[in-house]
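Colleague:
Residue numbers (the numbering used here): 3 to 196.
1) With respect to the alpha helix (DSSP H) encompassing residue 180, which residues constitute its N-terminal and C-terminal limits?
2) With DSSP as the reference, identify every bridge partner of residue 122, one or two as the case may be.
3) State the Cα-Cα distance for the pair residue 145 and residue 67, rounded to the nearest angstrom.
4) In whole angstroms, give me the CA-to-CA distance for residue 70 and residue 34.
5) Let me check understanding here. Comparing Cα to Cα, which of 48, 185, 37, 99 lies closest to residue 166?
6) Give me the residue from 74, 63, 40 with the minimum Cα distance to residue 86.
7) May I have the straight-line CA-CA distance separating residue 149 from residue 31, to the nearest angstrom?
8) Nearest-angstrom Cα distance between residue 121 and residue 113?
9) Could you name each continuous beta strand (DSSP E) segment of 3 residues or more that falls completely within the stretch 122-161, going from the start of the chain to the end?
10) Provide the residue(s) that pair with residue 56 in DSSP beta bridges, ordered along the chain.
11) Under the assumption that residue 41 contacts residue 59 (Cβ atoms under 8 Å), give the Cβ distance between them as a whole number of angstroms.
12) In the structure shown, what three-state DSSP assignment does residue 41 receive?
13) Spatial neighbours of residue 182 within its chain, please: C-beta separation below 7 Å, excluding the five flanking residues on both sides.
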């Protein structure tokens with residue numbers, strides 16, 4: 003039995019409405035993700051010049067570390083950080099080899115000795131900003147991406163300049179308009195510190 007012309011017209015209208023609804027819903031969903039969906043972004047900039055050296059979207063739990071050579075003992079000191087879901091940096095661990103001037107000697111956190119280092123874990127100290135003084139005497143380095151990227155900070159900062167590291171939540175649209183930045187040219191270690 004052939005379909006009557008009015009029912010095929012009704013089906014066409016129904017398909018148009020369905021497609022219109024799908025397109026409208028898709029536009030709303032895209033707008034939501036662009037303007038309201040939060041992303042975590044790690045920012046590294048030169049405090050003196052304001053130049054952004056690194057701006058990348060990161061996931062919750064992203065880790066990085068700073069390294070200095072202690073000016074008195076001339077031994078390595080590592081500080082480990084994670085980006086938490088609250089959009090802040092958290093100091094999570096410190097590794098050092100010597101006690102004495104300028105290093106912790108007592109603490110309430112878990113302390114272990116591993117591979118010649120005193121390891122202090124369980125710190126979980128929230129920071130909205132990590133100001134890091136780049137002193138050439140300390141041979142400072144930045145270890146990004148879980149230690150896979152080893153950056154000699156003397157190549158990017160003058161002696162005693164300050165590097166500011168922060169994490170922030172922003173809309174995906176804001177992240178896209180600010181743009182990504184990564185000026186660091188370093189050797190890729192292929193190794194992880196974790």
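No residue lacks a Cβ here, since even glycine has one placed at the ideal position from N, Cα and C.
Modeller: On the basis of the supplied data:
1) Position 178 of the chain shown, counted from the start, is the residue given in the question as residue 180. Unbroken alpha helix (DSSP H) run through residue 180: 174-180.
2) As a working mapping, residue 122 is identified with position 120 in the chain shown. The partner list for residue 122 (beta bridge, DSSP) reads 96, 113.
3) Within the chain shown, residue 145 is the residue found at index 143, counting from 1. Within the chain shown, residue 67 is the residue found at index 65, counting from 1. Going from the Cα of residue 145 to the Cα of residue 67 covers about 5 Å.
4) As a first step, residue 70 is located in the chain shown; it is residue number 68 there, counting from the start. As a first step, residue 34 is located in the chain shown; it is residue number 32 there, counting from the start. If you draw a straight line from the Cα of residue 70 to the Cα of residue 34, it is about 43 Å long.
5) For this step, residue 166 is matched to residue 164 along the chain shown. The residue with the shortest Cα to Cα distance from residue 166 is 48.
6) Taking the first residue of the chain shown as position 1, residue 86 is located at position 84. Of the candidates 74, 63, 40, the one whose C-alpha sits nearest the C-alpha of residue 86 is 63.
7) Reading the chain shown from its first residue, position 147 is the one you call residue 149. Reading the chain shown from its first residue, position 29 is the one you call residue 31. Spanning the two alpha carbons is a distance of roughly 36 Å.
8) Taking the chain shown and counting its residues from 1, the one referred to as residue 121 is at position 119. Taking the chain shown and counting its residues from 1, the one referred to as residue 113 is at position 111. In this structure, the straight-line span from the alpha carbon of residue 121 to that of residue 113 is close to 6 Å.
9) 132-136, 143-146, 151-154, all fully within the stretch 122-161.
10) Stepping through the chain shown from its first residue, residue 56 is reached at position 54. BP columns for residue 56 point to 46, 184.
11) Numbered from its first residue, the chain shown carries residue 41 at position 39. Numbered from its first residue, the chain shown carries residue 59 at position 57. About 5 Å separates the beta carbon of residue 41 from that of residue 59, a gap short enough to meet the 8 Å contact definition.
12) Taking the chain shown and counting its residues from 1, the one referred to as residue 41 is at position 39. In the three-state reduction of the DSSP assignment, residue 41 falls in the strand class, which pools E and B.
13) Here residue 182 refers to the residue found at position 180 when the chain shown is read from its first residue. Hits under 7 Å: 57, 58.
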